[in-house]
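The structure appears right after this line, and notes come after that.
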């Protein structure tokens, strides 16, 4: 679900102090889009929203969530927004975020 190697690489690339800031920004931005999707999917914006979520997820190692966003983005862009299981994608995000937050310190400690 989480690519911990990607997370370690990112932390090493930007430093521990900036990493915390990146994580906070990521969670804030993704939570905003996720909340918007929870309150009502706008089919015309779904591909764009999922593209944004996919990119954010890939940067922070949320690999399963990124893959689900990519599949949903592809369907929405092809005019099949009704086929996208947004609830399933958001559930994956919630599970990924929970795993990430609960294991982050242990996974990145020296």
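Residue numbers (our numbering): 47 to 156.
Even glycine gets a Cβ: it sits at the ideal position worked out from N, Cα and C.
Predicted model only: the values in this text are computed from it and were never measured.
Spatially closest choice to residue i from the options, by CA coordinates
i: residue 68; options: 81, 87, 82, 107; result: 107
i: residue 78; options: 127, 155, 140, 121; result: 140
i: residue 86; options: 128, 155, 72; result: 128
i: residue 138; options: 75, 100, 122, 70; result: 100
i: residue 118; options: 147, 50, 75, 83; result: 83
Reduced DSSP secondary structure (H/G/I, E/B, other) of residue i
i: residue 58; result: helix
i: residue 153; result: helix
i: residue 124; result: coil
i: residue 133; result: helix
Sequence ranges, beta strand (DSSP E) only - wholly within the segment 77 to 116, length at least 3: List check, beta strand (DSSP E) in window: nothing returned.
Whether or not the segment 82 to 97 and the segment 50 to 66 are in contact is what I'm after, with contact meaning three or more pairs of Cβ atoms, one per stretch, closer than 8 Å; do they touch? no
Check whether the segment 132 to 141 touches the segment 101 to 115, taking contact to mean three or more Cβ pairs, one atom from each stretch, closer than 8 Å. yes
I want to know whether the segment 79 to 91 touches the segment 145 to 154 - three or more CB-CB distances under 8 Å. Segments in contact, no.
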